[in-house]
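A short worksheet on the structure shown next.
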Amino acid sequence: MIDLNGVTCQYGGAGDGTGITAVDEVSLTIPDGEFLIVAGANGSGKTTLVRTFNGLSTPDSGTVAVNGTPVEDDLVAARSAVGMVFQDPRDQLVAATVGADVAFGPENLGRSHGEIARNVAAALDAVNMTGREDDRIASLSGGERERVAIAGALAMEPDHLVLDEPFTGLDEPARRSVVERLEERRRAGMGVIVVTHDLRDVLGLADRVVGLADGRVAVDATPEAAVEALPELDVRVPVSADGDESGDS
Amino acid sequence: MTLAYVPGNSPAHRLDPRSKLLVQAGVAAAAYAYTTPRGLAVLTLFAVGCLRLAGGDARDVWTYRFAFPVLVLAPLVAGVTLGAPWFRPDRAATTGLASYRVLLILVVAAGYVRSTPVRESRAAIQHTVPGRAGQFLGVGVALVFRFLPLLKRDLLTAREAIRARGGGARPVRERMRLVAVAGVNRAFERADRLGTALNARCFAWNPTLPRLAFGRADAVALAVGVGLLAAALTTVL
Numbered sequence: 029m030i031d032l033n034g035v036t037c038q039y040g041g042a043g044d045g046t047g048i049t050a051v052d053e054v055s056l057t058i059p060d061g062e063f064l065i066v067a068g069a070n071g072s073g074k075t076t077l078v079r080t081f082n083g084l085s086t087p088d089s090g091t092v093a094v095n096g097t098p099v100e101d102d103l104v105a106a107r108s109a110v111g112m113v114f115q116d117p118r119d120q121l122v123a124a125t126v127g128a129d130v131a132f133g134p135e136n137l138g139r140s141h142g143e144i145a146r147n148v149a150a151a152l153d154a155v156n157m158t159g160r161e162d163d164r165i166a167s168l169s170g171g172e173r174e175r176v177a178i179a180g181a182l183a184m185e186p187d188h189l190v191l192d193e194p195f196t197g198l199d200e201p202a203r204r205s206v207v208e209r210l211e212e213r214r215r216a217g218m219g220v221i222v223v224t225h226d227l228r229d230v231l232g233l234a235d236r237v238v239g240l241a242d243g244r245v246a247v248d249a250t251p252e253a254a255v256e257a258l259p260e261l262d263v264r265v266p267v268s269a270d271g272d273e274s275g276d277s
Numbered sequence: 022m023t024l025a026y027v028p029g030n031s032p033a034h035r036l037d038p039r040s041k042l043l044v045q046a047g048v049a050a051a052a053y054a055y056t057t058p059r060g061l062a063v064l065t066l067f068a069v070g071c072l073r074l075a076g077g078d079a080r081d082v083w084t085y086r087f088a089f090p091v092l093v094l095a096p097l098v099a100g101v102t103l104g105a106p107w108f109r110p111d112r113a114a115t116t117g118l119a120s121y122r123v124l125l126i127l128v129v130a131a132g133y134v135r136s137t138p139v140r141e142s143r144a145a146i147q148h149t150v151p152g153r154a155g156q157f158l159g160v161g162v163a164l165v166f167r168f169l170p171l172l173k174r175d176l177l178t179a180r181e182a183i184r185a186r187g188g189g190a191r192p193v194r195e196r197m198r199l200v201a202v203a204g205v206n207r208a209f210e211r212a213d214r215l216g217t218a219l220n221a222r223c224f225a226w227n228p229t230l231p232r233l234a235f236g237r238a239d240a241v242a243l244a245v246g247v248g249l250l251a252a253a254l255t256t257v258l
């Protein structure tokens with residue numbers, strides 16, 4: 029479970045409250061296994077907010093706890109419990125080959141060679157890339173890189189998987205492939221948190237939608253209820269809340 | 022072709038990284054011990070052989086071209102005098118041979134980088150140098166080899182972006198300035214993003230490193246490495 033209590037994040041300023049407020053007094057509880065969408069227009073604070081979940085950003089005030097432990101007390105535990113997939117997977121992939129990259133996280137957690145091999149195999153299987161261990165990262169398409177980035181996070185066996193704008197720059201087949209992978213994670217009981225300004229691909233999977241505006245929670249509702257309010261936040265939504273028919277807001 | 026590991030099944034890929042490091046050390050020592058044109062000619066054949074055994078070719082050496090201007094200019098600068106005769110060919114030749122030695126080491130290094138995953142290099146160092154010092158060196162190697170290919174890609178992207186907007190028609194000096202400015206900016210951004218990525222994936226001082234094991238082929242590589250070091254030592258003893 030991820031617990032946020034009164035989280036505020038600012039950029040710039042001298043630490044005296046004069047900076048730009050990206051996240052403003054946000055309190056949330058995200059139970060294990062929940063499929064949550066964090067929606068909002070560009071600059072609404074979505075990415076800054078989710079980066080606090082595993083300590084990549086530190087709040088200026090408020091607290092974030094993962095499974096009851098404040099994030100800053102055990103960063104390794106927080107980062108292994110909350111896997112993060114960045115907006116641009118090229119920022120995340122740190123090795124030359126697929127297998128080495130997916131193994132990077134479990135190696136850092138000090139797992140045994142047998143565990144690492146199992147984690148890598150399971151993670152690649154989960155993203156439909158079994159047998160691609162020796163492929164060069166540089167030779168992969170955008171969709172494949174996204175899937176390797178997801179596998180890299182899954183290999184650490186997180187409780188929650190956070191994906192920051194996972195569909196940016198992907199064509200339709202690649203988007204569908206990522207959505208299918210997320211559906212599988214949801215069925216497997218993993219918590220999934222998708223950060224997006226376009227809900228058309230994922231609204232049908234969601235348990236809850238949180239909409240941000242100017243760093244504040246403007247909407248916190250079921251997908252059916254949220255779909256009415258989100259267009260006002262410049263978020264694209266499907267025509268029907270189950271996500272079947274796509275349309276612009 | 023690349024400053025990064027290229028998966029493959031060449032003889033060099035099958036060697037333990039420690040054997041390859043020993044051969045590299047041997048080549049470096051021999052290159053500084055045998056400075057005659059004949060000695061360097063023999064080492065040239067050896068260095069090219071090492072690169073070929075890693076499945077590499079001239080394109081791999083070309084990736085080190087950023088060092089070439091220094092290697093070429095050094096002999097010219099060394100030969101210049103402030104008075105008559107204004108240029109001393111003997112001095113230029115000595116420095117030229119030194120530059121050539123560096124080139125030979127780069128050729129062997131290209132074969133090593135091409136055939137050795139970063140984590141195996143890190144494991145080899147941490148196995149060889151125990152304790153915190155080994156961990157520190159291993160982390161340094163891991164970061165450098167992860168950062169350099171990204172930096173190279175960013176510089177190439179910056180150059181392409183300049184060309185795509187007609188920048189290729191500008192004077193060389195202006196283009197160099199533009200690429201350098203864009204490159205420095207991107208290097209800082211890249212370092213920031215790489216740091217975040219490593220943090221997100223719990224980059225550790227002491228991770229589980231891959232198992233290393235010497236095979237039969239390593240016996241040959243180790244013998245070659247020791248032989249080169251011994252040959253270098255005989256010139257100073």
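Keeping their order, the protein sequence lines are chains X and G. Per this note's numbering, residue 29 is the first one in the first sequence, and the count goes up by one each step. Per this note's numbering, residue 22 is the first one in the second sequence, and the count goes up by one each step. Note that the Cβ used here is the ideal one computed from N, Cα and C, for glycine as well.
Members of the segment 140 to 165 of chain X near chain G, C-beta cut-off 8 Å: Of all residues in the segment 140 to 165 of chain X, 140, 141, 144, 162, 163, 164 have a Cβ within less than 8 Å of some Cβ in chain G.
Neighbourhood of residue 262 of chain G by C-beta, 7 Å cutoff - its chain only, sequence neighbours within 5 removed: Residue 262 of chain G lies beyond the stretch modelled for chain G, which goes from 22 to 258, so this question has no answer here.
Where the segment 209 to 235 of chain G meets chain X: residues whose CB sits under 9 Å from a CB there: Legend: CB atoms of the segment 209 to 235 of chain G lying less than 9 Å from CB atoms of chain X belong to residues 211, 214, 215, 217, 218, 219, 220, 221, 222, 223, 224, 225, 227, 228, 229, 230, 231, 232.
Member of G/102, G/117, G/100 whose CA lies at the smallest distance from the CA of residue 93 of chain G: Closest option to residue 93 of chain G, Cα to Cα, is G/117.
Ordered list of beta strand (DSSP E) runs contained in the segment 194 to 255 of chain X, each at least 3 residues: Listed in chain order, they are 219 to 224, 236 to 241, 244 to 249.
Status (buried if at least 16 other CB within 10 Å, exposed otherwise) for residue 84 of chain G: Counting every other CB atom within 10 Å of its CB across the protein chains shown gives residue 84 of chain G a total of 16 or more, marking it as buried.
Under 7 Å from the C-beta of residue 25 of chain G: neighbouring residues of chain X: Those within 7 Å of residue 25 of chain G in chain X are 124.
Within 7 Å, strictly: CB atoms of residue 66 of chain X and residue 80 of chain X: No, Cβ-Cβ distance for residue 66 of chain X and residue 80 of chain X is not below 7 Å.
Short CB-CB distance (under 7 Å) between residue 276 of chain X and chain G: In this predicted model, residue 276 of chain X has a pLDDT of only 41, less than 50, meaning its place in the structure is not dependable enough to derive any value.
Outcome for residue 263 of chain G when other beta-carbon atoms lying within 10 angstroms are tallied against a minimum of 16: With chain G covering 22 to 258 only, the question about residue 263 of chain G has no answer from this structure.
Span separating the alpha-carbon of residue 193 of chain X from that of residue 239 of chain G: Whole-angstrom Cα-Cα distance: 47 Å.
Interface residues of chain G facing residue 84 of chain X [CB-CB closer than 7 Å]: Within chain G, the residues near residue 84 of chain X are 217, 220, 221.
Cutoff 7 Å: residue 167 of chain G Cβ touching any chain X Cβ: With 7 Å as the cut-off, residue 167 of chain G counts as an interface residue toward chain X.
Residues that residue 136 of chain X contacts on chain G, provided the C-beta gap is smaller than 7 Å: Per Cβ cutoff of 7 Å: 222, 223, 224, 225, 228.
Proximity below 7 Å, CB of residue 172 of chain X to CB of residue 127 of chain X: Between residue 172 of chain X and residue 127 of chain X, the CB-CB gap reaches or exceeds 7 Å.
Limits of the alpha helix (DSSP H) - the one that residue 249 of chain G falls within: Residue 249 of chain G -> alpha helix (DSSP H) spans 237 to 257.
Alpha-carbon to alpha-carbon, residue 236 of chain X and residue 273 of chain X: Because residue 273 of chain X sits at a pLDDT of 46, beneath the cut-off of 50, its placement in the model cannot be relied upon, and the following sentence gives the value as read from the coordinates. Going by the C-alpha atoms only, they are around 19 Å apart.
According to DSSP, residues forming a beta bridge with residue 68 of chain X: Within the DSSP bridge table, the entry for residue 68 of chain X names X/240 as partners.
DSSP three-state assignment for residue 197 of chain G, whether helix, strand or coil: Three-state result, residue 197 of chain G: helix.
Nearest neighbour of residue 134 of chain G, chosen from G/126, G/231, G/25 [CA to CA]: The shortest Cα separation from residue 134 of chain G among G/126, G/231, G/25 belongs to G/25.
Delimiting residues of the alpha helix (DSSP H) encompassing residue 76 of chain X: First-last of the alpha helix (DSSP H) with residue 76 of chain X: 74 to 79.
Span separating the alpha-carbon of residue 29 of chain G from that of residue 136 of chain G: Near 7 Å, if we compare the C-alpha coordinates of residue 136 of chain G and residue 29 of chain G.
Bridge partner(s) assigned by DSSP for residue 178 of chain G: BP columns for residue 178 of chain G are empty, so no partner.
Coarse secondary structure for residue 33 of chain X, derived from DSSP in three states: In the structure shown, residue 33 of chain X sits in a strand (DSSP, three-state: E or B).
Min CB distance residue 161 of chain G to chain X below 7 Å: So, not an interface residue.
7 Å Cβ cutoff met for residue 179 of chain G and residue 203 of chain G: Yes, the Cβ-Cβ distance between residue 179 of chain G and residue 203 of chain G is below 7 Å.
Cβ-based neighbour list, residue 49 of chain X, same chain, cut-off 6 Å, excluding 5 preceding and 5 following: In the same chain as residue 49 of chain X, and ignoring 5 residues on each side of it, the C-beta atoms closer than 6 Å to its own belong to 38, 243, in chain order.
Residue range of the unbroken alpha helix (DSSP H) whose run includes residue 100 of chain G: 89 to 100 is the extent of the alpha helix (DSSP H) around residue 100 of chain G.
Nonlocal neighbours in the same chain, by C-beta distance under 7 Å from residue 70 of chain X, ignoring five residues either side: Only 225 meet the Cβ criterion.
Residue from X/77, X/84, X/41, X/205 with nearest C-alpha to residue 213 of chain G: When the alpha-carbon of residue 213 of chain G is set against those of X/77, X/84, X/41, X/205, the nearest one is in X/84.
Close beta carbons around residue 133 of chain X, own chain, < 7 Å, minus the five adjacent residues each side: These residues qualify, in order along the chain: 180, 183, 184.
Exposure of residue 125 of chain X, with buried meaning 16 or more beta-carbon neighbours within 10 Å: By the 10 Å Cβ count, residue 125 of chain X comes out buried.
Through-space distance from residue 27 of chain G to residue 279 of chain X, alpha-carbon basis: With chain X covering 29 to 277 only, the question about residue 279 of chain X has no answer from this structure.
Residue 258 of chain X vs residue 239 of chain X beta-carbon contact at 7 Å: Against a cut-off of 7 Å, the Cβ pair of residue 239 of chain X and residue 258 of chain X comes out as a contact.
Selection of the segment 138 to 150 of chain G by Cβ proximity to chain X, strictly under 8 Å: Per Cβ criterion, the list reads 138, 139, 140.
Contacts of residue 32 of chain G in chain X (Cβ-Cβ under 7 Å): Chain X residues near residue 32 of chain G: none, gap ~17 Å exceeds 7 Å.
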